[in-house]
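All remarks here apply to the structure that follows.
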Amino acid sequence: MTRRWQRTGDAERGSAVVELTWLGILLLIPTLWIVLSVFEVQKGAFGTSAAARAAGRAYALAPTDAEGQRRAEQAARQALVDQGLEDAPLTVTVSCDSPGTSCHSGGAVITVRISSRVDLPLMPEVLGGEKPSFALDATHVVPIGQYREVR
């Protein structure tokens, strides 16, 4: 009996290095994009949280509601800039529950909501419309004390 199918050492020589290289590239690129995107979203989350705290404090310390709105927007923008989000869109919404006529009267509760978004890295706009982004928002509540210093 003769063997028709015979394995030789040459027949099993493959291209494992080439296959491993291509497989590594195909898995490395999406993994790298996911890691970079997570870092960008985390940076944005820190920024919006800090912006909400800073805006709430700035609004509460302002002498009037109109000045408080202006200071809150400036403080929120600065907090985003500190996190490296200079170009991030920003919406500052201030609401209050007050027993008096002003948000700065004793017993008032000021709620500041910050809305922003971060663009995901390495994604071209040719995939359709705007760059892919991740929406972020943060809320901070500042109670105004019942007793205030009279000047």
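Once you know that position 141 of the sequence shown is 182 in the numbering used here, the rest is easy, because the numbers rise by one and skip nothing.
Quick reminder that beta carbons are idealized off the backbone N, C-alpha and C, glycines included.
Here L131 is bridged, per DSSP, to S157. Proximity of the stretch 79-90 to the stretch 155-164 meets the contact definition, three or more beta-carbon pairs being nearer than 8 Å.
Beta-carbon to beta-carbon, R118 and L131 are separated by about 6 Å, close enough to satisfy the 8 Å threshold. Sequence-distant partners of C144 (beyond 5 residues in either direction) whose C-beta falls short of 8 Å from its own C-beta, in its chain, are Y100, D106, G109, V135, C137, I151, I185.
When secondary structure is reduced to three states using DSSP, A149 falls in the coil class, being assigned neither helix nor strand. In the DSSP secondary-structure assignment, C137 is bridged to I151. The DSSP-derived three-state label of S90 is helix.
With fewer than 16 neighbouring CB atoms inside 10 Å of its own CB, L102 falls in the exposed class. Under the 10 Å beta carbon count, Q187 is surrounded by fewer than 16 other beta carbons and is classified as exposed. With fewer than 16 other beta carbons inside 10 angstroms of its own, L64 counts as exposed. Checking the DSSP bridge columns, you'll see S174 partnered with D160. Per DSSP, reduced to three states, the secondary structure at A116 is helical.
If you draw a straight line from the Cα of A92 to the Cα of V59, it comes to about 49 Å. Excluding its 5 nearest sequence neighbours in each direction, L73 has no C-beta neighbour in its own chain below 7 Å.
In the DSSP assignment, the residues bridged to V182 are T152.
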